[in-house]
Amino acid sequence: MTATAVPPPVPVVRPHDKANIVEVDELKVHFPIRGGVFRSQKGAVKAVDGVTFEVRRGETLGLVGESGCGKSTIGRAMIRLRIPTEGSVRFDGQDLSLLSTKELRRMRRRMQIIFQDPYGSLDPRMTVSAIIAEPIETHNLAKGDAKQERIAELLRLVGLDPMYVNRYPHEFSGGQRQRIGVARALAVEPEFIVCDEPISALDVSIQAQVLNLLTDLKRRLGLTYLFVAHDLSVVKHISDRVAVMYLGRVVEVGPPDILYAAPGHPYTRALLSAVPVPDPVAERKRRRVILKGDVPSPVNPPPGCRFHTRCWLYERLGQPENCRTDDPMLQPVAGVEDHRAACHYADEALKTDVGIAHLDDTLVRRGTPPAALASLAAARAAAADDAVAAAAAEELEAPAFSDMSPDTAAIEASDGLQTQDPTNQNTPSKRADRWRRGRFGR
Amino acid sequence: MTGSEDVSLADAPTIVELSPEDVLRARGEAIANAGMGRKADHLLEVRGLSTHFSTPDGVVQAVGDVSFDVGYGETLGLVGESGCGKSVTALSIARLVPDPPGKIVAGSITFDGIDLLKLSVEDMRKLRGKEIGFIFQDPLTSLNPTLTIGYQIGEAIKEHMGLPDKAAKDRIVELLSKVGIPRAKDRLKDYPFQFSGGMRQRVMIAIALSCDPKLILADEPTTALDVTIQAQILELIQKLSTEFGTAVLLITHDLGIAAGMCDRVNVMYAGRIVETGSVDELFEAPRMPYAWGLLDSLPRIDDVRGDRLRTIEGLPPLLIDPPVACRFNPRCAYTRDICRTEEPELTVRDSPGHLARCWATEPGGWIA
């Protein structure tokens with residue numbers, strides 16, 4: 006580092022754009038490393054090291070990267086669960102670091118977080134009702150019966166039966182617990198939710214249920230998500246824009262259809278080449294890009310481009326000097342303003358098919374065969390006819406009465422949102438009850 | 057990284073350039089050659105295996121009547137969600153089910169012509185680690201943190217191969233370079249904490265391969281790793297199993313990994329094998345609604361973006377009190393009365409090697 010005359014650059018803060026709900030400028034989050042007798046600072050883990058991006062109102066921004074790249078730290082800094090070392094986070098145009106405690110608390114009503122671990126993020130000694138009531142009470146949103154009604158409504162919203170408000174978290178399965186976490190986040194009617202790896206602790210079939218729930222809620226409630234995950238397929242499925250992180254930096258950002266089809270950063274290509282595809286034909290076509298060694302330490306990131314020590318393109322181009330000396334900025338790829346990559350040679354990367362040769366979206370999705378889908382559709386149609394006939398018959402006898410609005414009925418009919426009933430499922434609750442009875446001799 | 061001693065890493069291409077035909081041919085040759093001096097039709101034959109656990113709540117029927125073969129040199133996948141019995145199947149084969157509470161209550165396991173369930177504890181100990189190697193999910197808990205990795209790899213070599221110290225040390229260094237650990241010679245005295253997750257898993261693979269086993273049981277070998285490191289490790293397992301003709305029983309919940317690594321795949325649900333077939337048959341035309349549901353509920357990286365995923369309703373059952381008849385019937389969208397009263401057998405579908413356990417897709421069924 007040159008410690009001479011060059012004045013530090015004045016942080017350029019972009020003017021607020023009304024279309025953005027969160028704006029992050031030159032954000033740095035460093036964790037000090039202390040050592041020695043006086044616990045003096047020896048260095049810092051640069052978890053997030055100069056990141057600028059925005060989350061647009063109503064979108065889902067996917068944030069992907071490998072462990073230790075800083076994606077969760079960014080998510081937390083965005084709702085001020087972590088205090089940034091440098092840079093700013095503005096929510097709706099207001100810099101969060103300039104708010105008083107009181108103002109920040111009011112602001113927090115508008116932003117919430119869903120955590121990864123459905124086991125660790127719910128207090129085991131609180132009932133479901135108490136867990137969801139806590140944010141409502143903190144923000145004085147409802148009292149007494151209104152509060153209980155609100156809790157029941159939230160549980161229905163996430164597909165749980167309100168009968169179970171007095172149960173404890175251990176009585177629910179992982180997927181159901183994650184639904185409770187979602188209900189707690191929704192309790193204060195937020196606009197923006199940070200989803201920090203919300204499905205990675207769940208089984209495949211349960212992951213799909215929770216993903217569908219998040220998609221439905223976003224549409225119905227007009228939410229904005231920051232979706233932090235390591236799984237590129239999931240991020241592609243749920244996001245309107247995707248940001249790829251490596252070693253504390255965003256290295257590429259763009260709409261998934263463009264970013265996955267023509268990635269401009271060699272790291273994005275290496276990641277894509279590493280994702281297994283559940284299709285033996287595509288798998289045999291897949292050319293894995295082997296990144297040598299491990300991710301460098303975020304205490305001493307490599308000079309120049311942080312990825313050059315493991316970059317296949319750098320080797321292929323004969324180790325150009327500027328990769329080792331100049332830190333690349335996010336630049337539009339092939340003139341597309343919305344798709345940016347931080348690579349000096351993004352154009353060269355675009356000329357190859359490395360990492361994406363096997364991704365052919367003309368492949369037919371395999372799974373339920375057409376014959377089965379047809380039989381299912383026929384069965385549903387028959388059931389619907391029966392229901393109409395039954396309703397008609399009933400109408401003759403008595404005036405029709407339904408306490409279910411068409412809206413609710415539609416939601417309950419859609420497969421991801423069935424009300425899950427812990428008693429007639431073979432859930433851990435039953436097991437736990439039995440265990441307690443056995444243990445205490447009742 | 058210093059280049060000179062770093063043999064296997066320096067040799068490794070940055071981008072793997074093998075055509076699909078090459079991959080298939082190499083696997084075919086490896087499997088054909090692996091049978092040299094074979095003592096049975098299949099390296100591993102599991103017949104009617106049932107493993108139960110006694111708990112205060114009742115008996116958990118973790119594995120129920122499971123039968124399958126692993127051919128010499130073949131990679132067989134065992135896929136399913138957590139709690140479906142795939143790990144207990146592997147533990148049963150190794151006779152490592154903790155007893156009590158677990159017990160193999162029925163069935164036979166024949167390994168290279170030897171009935172494993174009839175072996176004495178001492179004979180089984182001689183076989184474990186020598187003929188059968190293990191790779192587990194979490195390399196940090198599977199390695200002893202207080203012993204050097206050189207010692208831990210050497211343990212099996214000295215025990216089973218009876219090599220003198222010098223020869224054993226050479227073998228350890230050779231193994232470590234083979235699995236891609238740079239400066240192998242200098243790292244023998246290092247402890248597990250001095251290695252990263254991916255490197256620890258490489259050490260595990262070196263231990264698994266140390267005595268040239270005929271079979272490796274790999275239980276979720278890459279679940280704890282990042283995707284780029286996962287790609288390295290899977291590449292390594294595939295390369296080494298092809299090179300040495302080692303059969304692999306690969307347990308995974310990731311259908312993508314199964315599609316890329318396996319020759320044949322067994323799908324397990326609630327302690328039962330519900331479908332089995334070659335990897336191509338199984339992914340191209342699965343014949344069991346649970347397999348359909350699994351494939352449907354995966355967002356795919358090569359997919360056009362869709363709005364909602366088709367899901368499997370409900371939760372996997374607890375195995376204390378599994379559903380009667382077909383174990384998938386409470387979650388299945390195609391259930392009819394027979395599914396609730398009688399359990400279907402694994403029966404042949406489109407080709408002799410493709411079997412499924414489902415009334416609906418049987419010949420004459422309602423989705424035949």
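Same order as they appear, the protein sequences are chains A and B. The letter at position 357 of the first sequence is residue 362 when you use the working numbering, and the numbering goes up by one with no holes. The letter at position 167 of the second sequence is residue 223 when you use the working numbering, and the numbering goes up by one with no holes. Note that CB positions come from ideal geometry on N, CA and C, so glycine has one too.
Spell out whether any CB of chain B is found under 8 Å from the CB atom of residue i.
| i | result |
| --- | --- |
| R451(A) | Residue 451(A) cannot be examined here, being either before or after the span of chain A that is shown, 6 to 447. |
| Q324(A) | no |
| V239(A) | yes |
| L226(A) | no |
| N25(A) | no |
| T65(A) | no |
| D299(A) | yes |
| N217(A) | yes |
| R289(A) | yes |
| Q99(A) | no |
| V94(A) | no |
| E257(A) | no |
| Y265(A) | yes |
| E176(A) | no |
| V53(A) | no |
Report the rounded CA-to-CA distance for residue i versus residue j, giving the unit in angstroms.
| i | j | result |
| --- | --- | --- |
| P268(A) | H349(A) | 14 Å |
| S64(B) | D310(B) | With a pLDDT of 38 at S64(B), under the threshold of 50, the modelled position of this residue cannot be trusted; read the value that follows with caution. Between S64(B) and D310(B), the C-alpha separation is close to 28 Å. |
| G129(B) | V304(B) | 7 Å |
| R39(A) | R83(B) | 52 Å |
| I293(B) | F124(B) | 22 Å |
| E158(A) | V115(B) | 39 Å |
| G127(B) | C318(B) | 12 Å |
| R289(A) | G316(B) | 7 Å |
| D201(A) | S77(A) | 6 Å |
| R387(B) | E369(B) | 6 Å |
| V404(B) | R413(B) | 9 Å |
| G158(B) | Q181(A) | 29 Å |
| A424(B) | M324(B) | 21 Å |
| I22(A) | D352(A) | The residue you asked about is not Ile; residue 22(A) is Asp in the sequence shown. Rounded to the nearest angstrom, the two C-alpha atoms are 30 Å apart. |
| L219(A) | A190(A) | 12 Å |
| K95(B) | G333(B) | 24 Å |
| G421(B) | R343(B) | 11 Å |
| C267(B) | E401(B) | 39 Å |
| E71(A) | L237(A) | 10 Å |
| L244(B) | R227(B) | 12 Å |
| R385(A) | V247(A) | 37 Å |
| V60(A) | Y173(A) | 35 Å |
Give a yes or no on whether 8 Å exceeds the smallest Cβ distance from residue i to chain A.
| i | result |
| --- | --- |
| H108(B) | no |
| Y390(B) | yes |
| S407(B) | no |
| Q193(B) | no |
| A315(B) | yes |
| H309(B) | yes |
| L371(B) | yes |
| R239(B) | no |
| L354(B) | yes |
| V79(B) | yes |
| T367(B) | yes |
| S252(B) | yes |
| A412(B) | no |
| I170(B) | no |
Could you check whether the Cβ of residue i sits closer than 8 Å to any Cβ belonging to chain D?
| i | result |
| --- | --- |
| I87(B) | Given the protein chain composition of this structure (A and B), no chain D is represented. |
Quiz item: Going along the region 329 to 351 of chain B in order, which residues come within less than 8 Å of chain A, judged by CB to CB distance?
Solution: V335, D336, F339, E340, A341, P342, P345, W348, G349, L350, L351
Practice problem: Indicate whether the contact test is met: 3 or more Cβ pairs, each with one atom in the region 275 to 291 of chain B and one in the region 247 to 255 of chain B, closer than 8 Å. | Solution: yes
Self-check item: Positions along the region 353 to 364 of chain A whose CB lies within less than 8 Å of some CB in chain B
Solution: V359, H363, L364
Self-check item: Inter-stretch contact (C-beta, 8 Å, three-pair minimum) for the region 255 to 268 of chain A and the region 99 to 118 of chain A
Solution: no
Practice problem: Return the residues of the region 282 to 295 of chain B that lie within a Cβ-Cβ distance of less than 9 Å from chain A, sorted by chain order. | Solution: D282, V283, T284, I285, Q286, A287, Q288, L290, E291
Self-check item: Touching by the beta-carbon criterion (3+ pairs, under 8 Å), the region 262 to 272 of chain B and the region 196 to 209 of chain B
Solution: yes
Quiz item: Is it true that the region 348 to 364 of chain A meets the region 272 to 283 of chain A, where meeting means three or more beta-carbon pairs spaced less than 8 Å apart?
Solution: Enough Cβ pairs lie closer than 8 Å, so yes.
Self-check item: Whole alpha helix (DSSP H) elements within the region 251 to 339 of chain B, 4-residue minimum
Solution: 253 to 265, 283 to 300, 311 to 317
Quiz item: What residues from the region 324 to 353 of chain A come within 8 Å of chain B, judged by C-beta to C-beta, listed N to C?
Solution: none
Self-check item: Segments of 3+ residues assigned as beta strand (DSSP E) that fall wholly inside the region 339 to 376 of chain A
Solution: 341 to 346
Quiz item: What residues in the region 116 to 145 of chain B bring their beta carbon closer than 8 Å to a beta carbon of chain A?
Solution: Listed in sequence order: E137, S138.
Quiz item: When you check each C-beta in the region 200 to 219 of chain B against every C-beta of chain A, which residues fall closer than 8 Å?
Solution: Residues of the region 200 to 219 of chain B that bring their beta carbon within less than 8 Å of a beta carbon in chain A are absent altogether.
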